[in-house]
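Encoded as structure tokens, the structure appears first; notes follow it.
Number of protein chains: 2
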Amino acid sequence: MAVSNIRYGAGVTKEVGMDLQNMGAKNVCLMTDKNLSQLPPVQMVMDSLVKNGINFKVYNNVRVEPTDRSFMEAIEFVKKRAFDAYVAVGGGSTMDTCKAANLYASSPHSDFLDYVNAPIGKGKPVSVPLKPLIAVPTTSGTGSETTGVAIFDYEPLKVKTGIASRAIKPTLGLIDPLHTLHMPDRVVANSGFDVLCHALESYTALPYHMRSPCPSNPITRPAYQGSNPISDIWAVHALRIVAKYLKRAVRNPDDLEARSNMHLASAFAGIGFGNAGVHLCHGMSYPISGLVKTYKAKDYNVDHPLVPHGLSVVLTSPAVFTFTAQMSPERHLETAEILGADTRTARIPDAGPILADTLRKFLFDLDVDDGLAAIGYSKADIPALVKGTLPQERVTKLAPRPQSEEDLSALFEASMKLY
Amino acid sequence: MAVSNIRYGAGVTKEVGMDLQNMGAKNVCLMTDKNLSQLPPVQMVMDSLVKNGINFKVYNNVRVEPTDRSFMEAIEFVKKRAFDAYVAVGGGSTMDTCKAANLYASSPHSDFLDYVNAPIGKGKPVSVPLKPLIAVPTTSGTGSETTGVAIFDYEPLKVKTGIASRAIKPTLGLIDPLHTLHMPDRVVANSGFDVLCHALESYTALPYHMRSPCPSNPITRPAYQGSNPISDIWAVHALRIVAKYLKRAVRNPDDLEARSNMHLASAFAGIGFGNAGVHLCHGMSYPISGLVKTYKAKDYNVDHPLVPHGLSVVLTSPAVFTFTAQMSPERHLETAEILGADTRTARIPDAGPILADTLRKFLFDLDVDDGLAAIGYSKADIPALVKGTLPQERVTKLAPRPQSEEDLSALFEASMKLY
Ligand SMILES: NC(=O)c1ccc[n+]([C@@H]2O[C@H](COP(=O)([O-])OP(=O)(O)OC[C@H]3O[C@@H](n4cnc5c(N)ncnc54)[C@H](O)[C@@H]3O)[C@@H](O)[C@H]2O)c1
Ligand SMILES: NC(=O)c1ccc[n+]([C@@H]2O[C@H](COP(=O)([O-])OP(=O)(O)OC[C@H]3O[C@@H](n4cnc5c(N)ncnc54)[C@H](O)[C@@H]3O)[C@@H](O)[C@H]2O)c1
Ligand SMILES: [Fe+2]
Ligand SMILES: [Fe+2]
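In order, the protein sequence lines correspond to chains F and C.
My numbering puts the first residue of the first sequence at 232, with every later residue one more than the last.
My numbering puts the first residue of the second sequence at 232, with every later residue one more than the last.
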């Protein structure tokens, strides 16, 4: 497994100009979204660039929950300008857009679908060298500063997919807890649920030695390798932080201790799932956000309907872990205990329901919408949701238990109402 | 922080030929020591190279606990042969020698002292590109497969020093537990003590935000940064494994579970201390092994007096942690608890003695020599031991508590007898 460089500390963002200077950058692209471009995190980066005499241009047209179209707009912008380094300041939407822009600017003759995951794209391996990219996360969720993944909504099919290659992993992640103080409470909660699911899914993913086919040459091994002793450490540690700090972080915007810890947990879980992979909550989330109808997420300053990524993954989690528990009941119980369940008298066969109840209580306490029904879906949508999950094989096959279409239907149905 | 690539699993060594092919290697140096060159780990690597048609030459003249002279011999060997990749199969002695050989062959006009740590050498930063190096550890101790450090005994001054640069970190570590089945019991024990001290020292090292001077430009930050939330995870996890498995691993050569876990713990602790650093046990160990008189270590198949590295670090550990405990008593108590102490009624001011007693018992149970006196030192040697510690500033200044020469004398004196 491999881990990107990360640097952690209040104020490390102020060093970004020096880092770029050390890299010899002369013409930098600063990428962010419209909302953030008015906020202190972007200002702090610009100040550091100016102070170090770094020439830069701002692209603030990142779409929150990007699409193929919004990726291509960013790609067009950077292709014209011969940037020699990138700084992405924002959440997963910004970091992912910046990774894609860097990739296609470095491979100008590729079609957009060339590097997109199969079966939607061609899933070609990346062999061109990319420019340095410094990621400055401002949410505490995706861990995108540590992963070689860029996710977008493929509008022609209305499903989320992505690009996955070690080559697009950021050169450096600057994890600065000061930025977390600006997040509104739903952004803290939803991005925190993303951390929760990264940790739970990577810890319960198919163990690495049971994954098949087993490529005979190590170079063709996928980035997502299944759970393994190293990713386990990151996952469990991130989960402990979520259990201890997420509620505090959501409820108190000034709780720097809680928000700092969640900011680190996001990177830790990212390192874990970036090597082990995620499975059903993520696989099923892609159609949940892709097929959004009119749901408008509280606290998200955007002009389009949106099911935030963290919400889309967590709503199915009670059903998913009830379904997977039989494959590794001890791990499921262990995570329930970390999340606060009293498991002293628990029986192994009840591991699934115990974890599911623990998750439901956790979500209820954090004011999460009452299931898929509450965000606009009904029974009639289930076939489309299942259909949108089927192409997500790259992750769903990492689930510890194989799923038929009927299984997927049942999981969506069980997720309509939570409480 | 940065982490090298590592791959773990029984039999992963068989892939080394393919990995080299993927790297385009045509002329490979296989480095090991004489003893190992007769044992299955080296055979397994050679089989894989032959099977994949990789042209290679063996250098088996690595000195166990290398010296400047033995490093230079290896350097001379590789300089003549234009290798395009390296495989190091062995313990820290082999991996470190191979790192140095790769470095100086890539920088043929440098003097040997150019890259050696100041104040003994010039400590120049490495700016030349190195060849790929695959490290296959066969002991469970140094974690050298994950670090940018190469340690040797500088004979003119009779003290250990080293080369430290991210540039010499192996390209890939193949962590194959099968190799551990060949280790004799003292090699398991001593290399295990190295893991123990890496974990304890990096966990109790000066916190990263208290280190001074604080370089204004991130590029000049040393590799050893002080304890931090990320290295803490690795340290604690490695320590838990040592507590659970080291005794089993020493006592039963067929206990693959215990030996596999120690093999991983070695890499984990390496990732931890490779970022955080070590402090007094290591700083004081360098003269302890450098000034060796006639001590011959059981189970070490070598023709010279030798205090194995792991032994040289662990003998001072009870005294060192008694000395440092007042700076972070909670951490000292926590590690004592992990190592088996009952700390329920412990008082904070007793953290040091409690950890020291726990360590003494642990060492006694593992048949460790009774202190520095038992390996040939007496009170009269203390001034020389102190003098040999003074140039180890790179690590000793990471101790949480500053030390005067009198403090160092007292620590050596307290380590003469343990039980
Ligand atoms: N690449 C990966 O490894 C990975 C992993 C998981 C999710 N994702 C993707 O990341 C995207 C979600 O990213 P996200 O959850 O980080 O949120 P986001 O980037 O979509 O941002 C959400 C909203 O929060 C605002 N915001 C962000 N930081 C703020 C701050 N500090 N203060 C105030 N407002 C702030 C943004 O302006 C935006 O309106 C999805 O597209 C998802 O699929 C990627
Ligand atoms: N680079 C780093 O980060 C780092 C860290 C700690 C220590 N070190 C250095 O590493 C050296 C010590 O290395 P070590 O403790 O790994 O031991 P080692 O390499 O010195 O080997 C010790 C002995 O064990 C034998 N041996 C090794 N593996 C075996 C196996 N699988 N089966 C049978 N015999 C085996 C060797 O032949 C040798 O005789 C010291 O010089 C120390 O200073 C380096
Ligand atoms: Fe996610
Ligand atoms: Fe060591």
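For each residue, glycine too, the CB sits at the ideal point set by N, CA and C.
1. Give the residues from the stretch 236-259 of chain C that approach chain F closer than 8 Å (Cβ to any Cβ), ordered along the chain.
2. Measuring CA to CA, which of G323(F), G354(F), A349(F) and T369(F) is closest to G242(F)?
3. Establish whether the CB of I464(C) and some CB of chain F are separated by less than 8 Å.
4. So which residues of chain C does P460(F) contact, with C-beta pairs closer than 8 Å?
5. With 8 Å set as the bound, which would you pick, yes or no: does the beta-carbon of H429(C) sit closer than that to a beta-carbon of chain F?
6. Would you tell me roughly how many angstroms separate the C-alpha atoms of M303(F) and R294(F), rounded to the nearest one?
7. In terms of residue numbering, what span does the alpha helix (DSSP H) encompassing R625(C) cover?
8. Going along the chain, which residues of its own chain have a beta-carbon closer than 6 Å to the beta-carbon of V234(F), five neighbours each way excluded?
9. Ligand 4 heavy atoms versus the CB of H429(C): any closer than 7 Å?
10. Measure how close the beta-carbons of C512(F) and E432(F) come, nearest whole angstrom, since I'm counting them as under 8 Å.
11. Exposed or buried, what is P360(F) when buried is set at 16 or more other beta-carbons lying within 10 Å of its beta-carbon?
12. Helix or strand or just coil, what does DSSP make of S338(F)?
13. Between A498(F) and the rest of its own chain, which residues show a CB-CB distance below 7 Å, the 5 nearest in sequence each way excluded?
14. Could you tell me the boundaries of the alpha helix (DSSP H) in which L642(F) lies?
15. Using a Cβ-Cβ cut-off of 6 Å (strictly less than) and excluding sequence neighbours within five positions of S338(C), which residues of its own chain qualify?
16. N292(F) lies in the beta strand (DSSP E); which residues open and close that run?
17. Cα separation between V273(F) and V320(F)?
18. Can the beta-carbon of K529(C) be found closer than 8 Å to that of R442(C)?
19. Could you tell me if S435(F) is buried or exposed, where buried requires 16 or more neighbouring beta carbons within 10 angstroms of its beta carbon?
20. Would you identify the three-state DSSP class for V234(C), choosing helix, strand or coil?
21. Pick out whichever of G354(C), T392(C) and D315(C) has its Cα sitting closest to the Cα of D327(C).
22. Rounded to the nearest angstrom, what separates E565(C) and S462(C) at their Cα positions?
23. Given this structure, state the Cα-to-Cα distance separating M647(C) from K527(C), to the nearest angstrom.
24. At what residues does the beta strand (DSSP E) containing V380(F) begin and finish?
25. Please state the DSSP three-state secondary structure of D581(C).
26. Got a sec, what are the start and stop residues for the beta strand (DSSP E) M262(C) sits in?
27. Go to I394(C), then tell me how far its beta strand (DSSP E) extends in each direction, as first and last residue.
28. Any chance you could list the alpha helix (DSSP H) runs of at least 4 consecutive residues sitting entirely within the stretch 426-491 of chain F, in chain order?
29. Just to confirm the assignment, what range does the beta strand (DSSP E) spanning A550(F) have?
30. Less than 7 Å between the CB of Y224(F) and some heavy atom of ligand 1, yes or no?
31. Distance, Cα to Cα, G379(F) vs A556(F)?
32. Along chain F, which residues have their Cβ under 8 Å away from the Cβ of H410(C)?
33. Could you tell me whether the Cβ of P449(C) comes closer than 8 Å to any Cβ of chain F?
34. Would you check if the stretch 576-594 of chain C and the stretch 547-555 of chain C touch, i.e. whether three or more CB-CB distances between them fall below 8 Å?
35. In the stretch 466-485 of chain C, which residues sit with their C-beta less than 8 Å from some C-beta in chain F, listed in chain order?
36. Just to confirm, are I569(F) and A577(F) a CB contact at a threshold of 8 Å?
On the basis of the data shown:
1. N236, I237, R238, Y239, G240, E246, M249, D250 and N253
2. T369(F)
3. yes
4. Y239 and L495
5. no
6. 11 Å
7. E624 to T627
8. Legend: pLDDT at V234(F) = 45, less than 50; position of this residue unreliable, value from coordinates given subsequently. Closer than 6 Å at the Cβ level, and outside the excluded window around V234(F), lie I502.
9. yes
10. 6 Å
11. exposed
12. coil
13. I237, G374, E376, T377, G404 and I406
14. E636 to A645
15. V359
16. F287 to V293
17. 6 Å
18. no
19. The residue you asked about is not Ser; residue 435(F) is Thr in the sequence shown. Buried, by the Cβ-count rule.
20. Only weak support is given to the placement of V234(C): the predicted model assigns it a pLDDT of 45, under 50, and the value that follows is read from those uncertain coordinates. In this structure, V234(C) counts as strand in the three-state DSSP scheme.
21. T392(C)
22. 16 Å
23. 18 Å
24. V380 to Y385
25. helix
26. V259 to D264
27. V390 to A395
28. 460-482
29. A550(F) -> not in any beta strand (DSSP E); alpha helix (DSSP H) instead, spanning S548 to T555.
30. Shown here, chain F extends from 232 to 650; a query on residue 224(F) therefore has no answer.
31. 29 Å
32. By Cβ distance, chain F contributes nothing, its closest Cβ being about 17 Å from H410(C), past 8 Å.
33. yes
34. yes
35. H468
36. no
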